[in-house]
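Chemist:
Chains as they are written, first to last, in UniProt numbering: chain A, 1 to 831; chain B, 1 to 88.
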């Protein structure tokens with residue numbers, strides 16, 4: 001098996017190379033005769049294009065009344081224009097060659113310079129001659145393209161004036177001719193009957209088998225669609241009468257699928273039938289046109305009635321999309337179908353009359369009747385009261401809608417009666433077609449709204465399927481629902497609006513050109529505003545953003561995870577890369593969007609002063625953040641003390657750092673504080689830390705014994721480091737106690753609480769064992785001196801009398817020694 | 001996820017609406033004039049020294065300063081130097 005595969009591959013390669021070689025050989029041969037080749041080839045092409053243009057111009061003049069024919073001619077002219085351009089482009093390689101060769105040859109020698117070899121001169125002349133020839137041919141092509149473009153714009157003009165005439169042409173309605181018109185109608189109907197019956201006879205006699213085969217195939221195709229659709233979408237097809245409260249989405253999907261499927265089946269049936277009839281040449285020219293318009297009408301009427309049935313659902317009130325009352329729903333169904341029917345009938349009859357060549361009076365009369373009938377029907381639709389207000393009384397349509405509908409109906413009738421038949425017919429046709437498209441768009445919007453509601457998407461079948469396939473959670477699915485609804489809105493707009501414009505007569509080519517022109521940019525004042533540029537800018541930014549994210553992830557996951565870089569550095573690098581990437585993406589996006597920032601420079605200069613003052617702190621924080629990232633005085637996980645806040649660093653971002661205190665409170669510190677003031681980091685280089693346990697012992701205890709006990713306790717704890725050694729300091733003779741302090745170093749300062757607990761319990765135990773006191777605050781009071789004191793005398797006068805008596809006795813003793821008599825001495829002053 | 005989808009949608013739109021027009025660059029030190037025939041009319045397009053201009057989004061014939069004619073489809077870049085043009 002391998003060998004045969006190899007053989008096959010070899011064979012293919014061989015054939016491939018053979019073809020290439022042959023091609024190259026052919027090209028070489030071509031290049032040899034290229035000069036004559038290109039010019040004469042293209043001249044032929046241009047001549048043929050000219051001929052075709054002439055033919056189309058003649059045709060244009062002939063069918064100046066036929067709108068469809070003019071459209072066709074225009075399409076062909078556009079194709080010719082494209083062919084012409086291609087033929088012009090065919091010269092380009094040859095021109096490039098000539099120019100290159102001329103450059104090689106250089107300039108001709110100036111006056112007074114030695115002449116160049118004759119070969120060079122002759123070649124240069126030959127090349128110049130050829131170039132002139134090519135230029136001449138291109139000139140012809142250019143003029144031809146101008147002519148073609150002029151013809152195209154002429155056609156647009158003609159079509160526009162045709163349309164204007166159609167709308168403004170006024171027929172003289174002579175009601176007296178009514179009976180004549182009726183007679184003519186009868187004649188035409190007979191005519192039609194004869195034509196159709198003769199065709200049927202023709203078919204039955206000659207083409208019966210082909211026609212049966214065609215019908216069979218058509219039925220087959222339609223059946224495939226219906227059965228296949230039912231198989232695939234099943235429940236989504238038919239409203240289930242048993243369901244009590246169908247959700248809006250299921251109602252919508254049923255409405256959509258039933259309308260779509262059935263209409264699609266019918267369209268396929270009719271289309272295949274027509275195509276096969278044409279293929280088997282069952283159709284004669286006139287029958288073909290009439291059959292085509294008949295099928296067209298049937299398809300439209302069917303579609304409209306299906307749509308109305310789906311939206312109004314007269315029989316199953318729960319499945320209705322618009323909350324109208326049942327009676328009103330039936331009425332509306334009837335009126336809408338009748339409107340579509342009459343419009344279709346009008347269209348069909350007009351094409352029949354065109355084929356049969358009926359008199360003008362008949363066409364006018366028929367158009368008049370049908371437009372008036374349609375106008376009446378539209379007015380009736382507007383007058384229906386479909387809703388019910390709070391008290392149960394019938395409520396009409398919302399005011400704007402009602403007025404529009406009534407006005408349209410009125411305009412149709414008035415135009416018809418006044419003789420503006422073209423206008424009336426146009427309005428009535430547009431009512432049906434644009435109305436249908438608008439109704440479908442409205443349902444599309446309703447469905448996107450329904451999906452937009454919370455949790456609605458999750459409950460649909462599609463949502464469930466996606467959830468299973470991609471295993472997403474509910475929140476993501478909800479967002480997906482949001483996106484889906486936006487997409488549906490966009491889809492409805494992009495399909496509906498061009499469709500409406502198309503039915504109003506705008507060509508797709510025109511619409512696409514408009515779109516390109518708007519998309520590439522238009523000027524408002526001196527600003528060039530370009531949606532395409534903006535979109536491309538957004539897209540570039542999105543790409544840049546995702547690239548940055550991916551790069552970040554790759555850097556972090558693959559490169560830095562393998563290296564021995566620690567977590568904090570990794571985080572810093574990741575953040576820095578992220579910011580740089582987003583900034584670059586933003587700059588590129590702005591330039592891709594084509595936004596010229598130089599105009600903003602002046603304004604920015606003036607604003608920047610004020611903004612600068614306001615943003616002082618923020619910028620300071622930002623720069624501090626960058627410094628923190630670069631210098632890393634602390635990293636995530638460190639225990640830092642910043643002012644009064646102490647906690648573990650959780651996150652360092654560009655403006656602030658988040659710290660979690662031990663009370664599990666998150667404190668967010670601005671980075672500038674961390675840079676401008678002192679920050680203590682317990683775990684900067686390592687987790688080593690010192691723990692102190694102060695203890696006071698009573699005076700009178702054995703200090704040396706206490707010291708030894710404390711040292712033993714400190715040394716005995718397993719978590720205490722032996723280096724640096726534990727130390728017990730006899731710190732003070734305090735007022736009440738002798739103060740000691742145990743100082744131990746721990747390997748991990750986070751264990752300080754445990755170690756302190758353990759040490760204190762151990763101290764308590766040891767002191768109890770040794771009967772050492774830990775005193776309360778103390779005061780000693782000492783009483784000094786113990787003699788009995790003389791008591792104070794009780795009676796003062798008695799004491800004075802006794803004192804006087806004592807004094808006299810003393811004086812008597814001393815009076816015997818002195819002869820002089822003594823006068824009574826005065827008492828000395830008391831003080 | 002939402003953003004990714006929005007970006008993808010924008011990508012599609014931008015691709016479809018990407019303004020693809022031919023551009024002309026004047027590499028000379030003096031202004032040059034091109035005569036552009038587009039949509040049935042001839043217009044003069046002058047380029048200052050060093051200027052780049054976008055024109056001709058849907059095919060046109062262009063007459064270069066030295067008299068040469070070219071047919072452009074809208075994707076090319078025309079470099080003018082010394083009066084002669086090179087088409088990329």
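C-beta atoms are modelled at their ideal positions from N, C-alpha and C, and glycine is treated no differently.
Are the C-beta atoms of residue 497 of chain A and some chain B residue less than 7 Å apart?
Modeler: On the first chain, residue 497 of chain A is found 497 positions in, with the first residue counted as 1. Not one chain B Cβ lies under 7 Å of residue 497 of chain A.
Chemist: When burial is assigned at 16 or more other CB atoms within 10 Å of the CB, is residue 405 of chain A buried or exposed?
Modeler: Within the first chain, numbered from 1, the residue matching residue 405 of chain A stands at position 405. Per the 10 Å Cβ criterion, buried.
Chemist: Under the rule that 16 or more other beta-carbon atoms within 10 Å means buried, what is residue 198 of chain A, buried or exposed?
Modeler: As a position in the first chain, residue 198 of chain A is number 198, starting the count at 1. Label assigned to residue 198 of chain A: exposed.
Chemist: Are the beta-carbon atoms of residue 636 of chain A and residue 667 of chain A separated by less than 7 Å?
Modeler: Numbered from its first residue, the first chain carries residue 636 of chain A at position 636. Numbered from its first residue, the first chain carries residue 667 of chain A at position 667. The answer is no: Cβ separation not under 7 Å.
Chemist: Looking at the secondary structure, which residues open and close the beta strand (DSSP E) in which residue 645 of chain A lies?
Modeler: The sequence position of residue 645 of chain A within the first chain is 645, counting from 1. Looking at the DSSP string, the run of the beta strand (DSSP E) that includes residue 645 of chain A is 645-652.
Chemist: Look at the alpha carbon of residue 418 of chain A and the alpha carbon of residue 412 of chain A, and state the distance between them as a whole number of angstroms.
Modeler: Within the first chain, the letter at position 418 stands for residue 418 of chain A. Within the first chain, the letter at position 412 stands for residue 412 of chain A. Distance between the alpha carbons of residue 418 of chain A and residue 412 of chain A is about 10 Å.
Chemist: Indicate the three-state DSSP secondary structure (helix, strand or coil) for residue 305 of chain A in the structure shown.
Modeler: As a first step, residue 305 of chain A must be located in the first chain, where it is residue number 305. Three-state result, residue 305 of chain A: helix.
Chemist: Measuring CA to CA, which of A:591, A:556, A:688, A:600 is closest to residue 752 of chain A?
Modeler: Residue mapping note: residue 752 of chain A aligns to position 752 of the first chain, counting from 1. Checked all of A:591, A:556, A:688, A:600; the closest Cα to residue 752 of chain A is A:688.
Chemist: Which of helix, strand or coil does DSSP assign to residue 640 of chain A?
Modeler: Taking the first residue of the first chain as 1, we reach residue 640 of chain A at position 640. Three-state result, residue 640 of chain A: strand.
Chemist: What are the boundary residues of the beta strand (DSSP E) that residue 419 of chain A is part of?
Modeler: Working through the first chain from its first residue, we reach residue 419 of chain A at position 419. Unbroken run through residue 419 of chain A: none, as it is neither H nor E.
Chemist: Could you compute how far the alpha carbon of residue 303 of chain A sits from the alpha carbon of residue 483 of chain A?
Modeler: If you number the first chain from 1, residue 303 of chain A lands on position 303. If you number the first chain from 1, residue 483 of chain A lands on position 483. Rounded to whole angstroms, residue 303 of chain A to residue 483 of chain A spans 30 Å at the Cα level.
Chemist: How many Å lie between residue 607 of chain A and residue 28 of chain B at the Cα?
Modeler: Numbered from 1 along the first chain, position 607 holds the residue referred to as residue 607 of chain A. Numbered from 1 along the second chain, position 28 holds the residue referred to as residue 28 of chain B. In a straight line, the C-alpha of residue 607 of chain A is about 40 Å away from that of residue 28 of chain B.
Chemist: Tell me, please, which residues DSSP counts as bridged to residue 41 of chain B.
Modeler: Here residue 41 of chain B refers to the residue found at position 41 of the second chain. B:38, per the DSSP bridge assignment.
Chemist: DSSP beta-bridge partners for residue 69 of chain B?
Modeler: Within the second chain, numbered from 1, the residue matching residue 69 of chain B stands at position 69. Paired residues: B:63.
Chemist: Hey, quick one: how far does the beta strand (DSSP E) through residue 79 of chain B stretch, first residue to last?
Modeler: Against the second chain, residue 79 of chain B aligns to sequence position 79. Residues 77-81.
Chemist: What does residue 141 of chain A touch in chain B if you count any residue whose Cβ is under 8 Å from its own?
Modeler: Working through the first chain from its first residue, we reach residue 141 of chain A at position 141. Within 8 Å Cβ-Cβ: 61, 71.
Chemist: Given that a residue counts as buried once 16 or more other Cβ atoms are within 10 Å of its Cβ, and exposed if not, what is residue 189 of chain A?
Modeler: Along the first chain, read from residue 1 onward, the residue named residue 189 of chain A stands at position 189. Exposed, because fewer than 16 other Cβ atoms sit within 10 Å of the Cβ of residue 189 of chain A.
Chemist: Give a yes or no on whether the C-beta atoms belonging to residue 329 of chain A and residue 314 of chain A are separated by under 7 Å.
Modeler: Along the first chain, read from residue 1 onward, the residue named residue 329 of chain A stands at position 329. Along the first chain, read from residue 1 onward, the residue named residue 314 of chain A stands at position 314. In this structure, residue 314 of chain A lies closer than 7 Å to residue 329 of chain A by Cβ.
Chemist: Relative to the C-alpha of residue 105 of chain A, which candidate in A:122, A:89, A:112 has its C-alpha closest?
Modeler: As a working mapping, residue 105 of chain A is identified with position 105 in the first chain. The shortest Cα separation from residue 105 of chain A among A:122, A:89, A:112 belongs to A:122.
Chemist: Please work out which residues of its chain come closer than 7 Å, Cβ to Cβ, to residue 706 of chain A, disregarding the five sequence neighbours upstream and downstream, and give them in chain order.
Modeler: For the purposes of this step, residue 706 of chain A is taken as the residue at position 706 of the first chain. So the list reads 697, 740, 772, once near-sequence residues are dropped.
Chemist: Whose C-alpha, out of A:398, A:195, A:126, A:172, is nearest the C-alpha of residue 287 of chain A?
Modeler: Taking the first residue of the first chain as position 1, residue 287 of chain A is located at position 287. Nearest option by C-alpha distance: A:195.
Chemist: Can you list the residues of chain A that residue 50 of chain B reaches, using a CB-CB cut of under 8 Å?
Modeler: Stepping through the second chain from its first residue, residue 50 of chain B is reached at position 50. Those do not exist, as residue 50 of chain B stays about 17 Å from chain A at its closest Cβ, beyond 8 Å.
Chemist: Classify residue 206 of chain A as helix, strand or coil using the three-state DSSP reduction.
Modeler: Sequence index remark: in the first chain, residue 206 of chain A carries index 206 (1-based). Here residue 206 of chain A sits in helix by DSSP.
Chemist: Need the endpoints of the alpha helix (DSSP H) that residue 768 of chain A sits in, please.
Modeler: For the purposes of this step, residue 768 of chain A is taken as the residue at position 768 of the first chain. Counting along the chain, the alpha helix (DSSP H) containing residue 768 of chain A begins and ends at 752-770.
Chemist: Grouping DSSP H, G and I as helix and E and B as strand, with all else coil, what is residue 30 of chain A?
Modeler: Taking the first residue of the first chain as position 1, residue 30 of chain A is located at position 30. Any reading at residue 30 of chain A must be qualified, since the residue scores a pLDDT of 43, below 50, and its modelled position is unreliable; no value is offered.
Chemist: Kindly list, in the order they appear in chain B, the residues whose Cβ is closer than 7 Å to that of residue 428 of chain A.
Modeler: The count along the first chain starts at 1 and reaches residue 428 of chain A at position 428. Within 7 Å Cβ-Cβ: nothing; residue 428 of chain A doesn't reach chain B, min ~36 Å.
Chemist: Does the contact criterion of 3 or more C-beta pairs under 8 Å hold for the segment 88-102 of chain A versus the segment 63-72 of chain B?
Modeler: As far as the Cβ criterion goes, the segment 88-102 of chain A touches the segment 63-72 of chain B, which means the pair count is three or higher.
Chemist: Grab the span of the alpha helix (DSSP H) containing residue 531 of chain A for me, first residue to last.
Modeler: The count along the first chain starts at 1 and reaches residue 531 of chain A at position 531. Counting along the chain, the alpha helix (DSSP H) containing residue 531 of chain A begins and ends at 531-554.
Chemist: Just reading off the alpha helix (DSSP H) that residue 489 of chain A is part of, what are its end residues?
Modeler: Numbered from its first residue, the first chain carries residue 489 of chain A at position 489. It spans 474-503 - the alpha helix (DSSP H) in which residue 489 of chain A sits, taken as one unbroken run.
Chemist: Take every Cβ of the segment 365-384 of chain A, pair it with every Cβ of the segment 345-354 of chain A, and state whether three or more of those distances are shorter than 8 Å.
Modeler: At 8 Å Cβ cutoff, the stretches touch.
Chemist: Hey, quick one: how far does the alpha helix (DSSP H) through residue 719 of chain A stretch, first residue to last?
Modeler: Here residue 719 of chain A is taken as the residue at index 719 of the first chain, counted from 1. No alpha helix (DSSP H) contains residue 719 of chain A, which DSSP labels as neither H nor E.
Chemist: By the criterion of Cβ-Cβ separation under 7 Å, what are the contact partners of residue 33 of chain B in chain A?
Modeler: Sequence index remark: in the second chain, residue 33 of chain B carries index 33 (1-based). What residue 33 of chain B touches in chain A: nothing, since even the nearest Cβ is about 16 Å away.
Chemist: Please compile the residues from chain B whose C-beta is within a distance smaller than 9 Å of the C-beta of residue 162 of chain A.
Modeler: Position 162 of the first chain, counted from the first residue, corresponds to residue 162 of chain A. The contacting residues do not exist; residue 162 of chain A stays about 21 Å from chain B at best.
Chemist: Quick one: grab the DSSP three-state call for residue 634 of chain A.
Modeler: In the first chain, the residue the question calls residue 634 of chain A occupies position 634. Residue state, collapsed to three classes: coil.
Chemist: In whole angstroms, what is the alpha-carbon distance linking residue 260 of chain A and residue 67 of chain B?
Modeler: By 1-based counting over the first chain, the position of residue 260 of chain A is 260. By 1-based counting over the second chain, the position of residue 67 of chain B is 67. Taking the straight line from one Cα to the other gives about 59 Å.
Chemist: Please list the partners that residue 80 of chain B has in chain A, where partner means a Cβ-to-Cβ separation under 7 Å.
Modeler: Looking up residue 80 of chain B in the second chain gives position 80. Neighbours of residue 80 of chain B on chain A: none; closest Cβ ~13 Å, over 7 Å.
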